[in-house]
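The numbering used here applies: residue 118 is where the sequence shown begins, and numbers increase by one. For each residue, glycine too, the CB sits at the ideal point set by N, CA and C.
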Amino acid sequence: MTSQGTALVTGASSGIGAEFARRLAARGHDVVLVARSAPALEALADEVRRDHGVRAEVLVQDLSAPDAATRVAEEVAARGLTVDLLVNNAGFGTAGHFARIAPEREHRELMVNVVALVGLTHAFVPGMLARGAGGVINVGSTAGFNITPYFATYGSSKTFVLNFSLALWSELRGSGVKVLAVTPGPVETAFFDRIGTRKAAIGAKMTTSDQVVTSALRAFDRDRGYVAPGRGALMMAHLMPRRPRKLMALIGRRVTRPVADELTPSLAR
């Protein structure tokens, strides 16, 4: 199979990131797998080498570190690689009463969800522009379309991902470099285990990593700018943002408060 270039996937140790790696390898991309878990990455690298005959590099990096993007870019260069497709999938969420969530956890969340994402995009897009080809896929959430009480930091980080991606999509049109924001609703991954409760799905129907990646790659091929995989996500993307913002903030508070009360009892009594 002729190589389709190299794709770098963050958060590749499981879930959506691992599925992106498999599907891109099946398309003929060599892959660079980035996450904190070396054993999971090595197992996935062995799998895609065996199944698809591509080059698979493992790069262990905590993306919450201040210099994470620089370290990744330097290691990629040291291995003689050129990134043709960047998949910024790594991210995690926090939920609960804002005043009771550990500040250091939310700091790490923003470093991964926002700072590392922008840093890696800065690191690799200039080269893509110089070559006149390439792409960036940023994994956001339907939370990015809405005001999210009790998910304040997480939802706001995903609003940044959506707006940042669409701004770059517009800015880079005609350059040969495509940008896509992927905005799924709840996905059957370990995301909710890390938050601490599956109630954080707010009763929405779960989709799968396979469904998300299928929708994402189809939309990327068509240069859609953003995609909301699944019927429920599509409704959230196109209907909810058109409601009055303060009203949606109040409705959102009622919907998400049970999650917060389970995870972090309120200081306000």
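Starting from residue i and walking both ways along the alpha helix (DSSP H), at which residues does that stretch end?
i: Asn280; result: Ala269 to Glu288
i: Val242; result: Leu234 to Arg248
i: Val189; result: Ala185 to Ala195
i: His224; result: Pro220 to Leu227
i: Arg217; result: Here Arg217 belongs to no alpha helix (DSSP H), and DSSP marks it neither H nor E.
i: Gly132; result: Gly132 to Ala143
Throw me the rounded Cβ distance for the residue i and residue j pair, which I believe falls under 8 angstroms.
i: His146; j: Val175; result: That pair is no contact at about 15 angstroms.
i: Val294; j: Val204; result: Wrong, their Cβ atoms sit about 14 angstroms apart, outside the cutoff.
i: Gly257; j: Leu279; result: 5 angstroms
i: Val235; j: Ser274; result: Incorrect: roughly 11 angstroms between the Cβ atoms, too far for contact.
i: Ser96; j: Asn255; result: Examination of residue 96 is not possible in this model, given that the chain is present from 118 through 386 alone.
Pick helix, strand or coil for residue i, following the three-state DSSP scheme.
i: Thr127; result: strand
i: Asp338; result: helix
i: Ala377; result: helix
i: His146; result: coil
i: Thr390; result: Any answer about residue 390 is impossible in this case: the structure gives the chain only from 118 up to 386.
i: Val165; result: helix
i: Val231; result: helix
i: Ala157; result: helix
i: Gly261; result: helix
i: Val171; result: coil
i: Val291; result: One point to set straight first is that residue 291 is Gly, not Val, in the sequence displayed. The answer is coil: DSSP assigns Gly291 none of H, G, I, E or B.
i: Gly369; result: helix
i: Arg386; result: At Arg386, the pLDDT of 49 sits below 50, so the modelled position is not reliable; the number obtained from the coordinates is stated separately. Note: Arg386 maps to coil in three-state DSSP.
Which one or two residues does DSSP pair with residue i in a beta bridge?
i: Leu176; result: Val151
i: Ala298; result: Asn255 and Tyr343
i: Thr324; result: Val304
Could you spell out the range, first to last residue, of the beta strand (DSSP E) harbouring residue i?
i: Val253; result: Gly251 to Val256
i: Val304; result: Unbroken run through Val304: none, as it is neither H nor E.
i: Leu202; result: Val200 to Asn205
In chain order, what residues of the same chain lie with their CB nearer than 8 angstroms to the CB of residue i, ignoring the 5 residues before and after it?
i: Arg374; result: Pro266 and Tyr267
Give every residue of the same chain whose Cβ lies closer than 6 angstroms to the Cβ of residue i, excluding the five residues on either side of it in the sequence, and list them in chain order.
i: Gly134; result: Val126, Gly128 and Asn206
i: His169; result: Ala142 and Ala143
i: Ala186; result: Ala233, Gly236, Leu237 and Ala240
i: Leu198; result: Thr123
i: Gly272; result: Ala260 and Thr265
i: Glu192; result: Leu176
i: Ser383; result: His214
Can you name, in chain order, every residue of its own chain whose Cβ lies under 7 angstroms from the Cβ of residue i, other than the five neighbours on each side?
i: Asp340; result: Lys295
i: Ala336; result: Leu297 and Val344
i: Arg386; result: Annotation note: pLDDT 49 at Arg386 (below 50); position unreliable, no value reported.
i: Ala247; result: none
i: Val229; result: Leu180, Ser181, Ala207, Gly208 and Phe209
Shorter than 9 angstroms from the beta carbon of residue i to some beta carbon of chain B?
i: Asn230; result: Among the chains in the structure shown there is no chain B, since it carries only a single protein chain.
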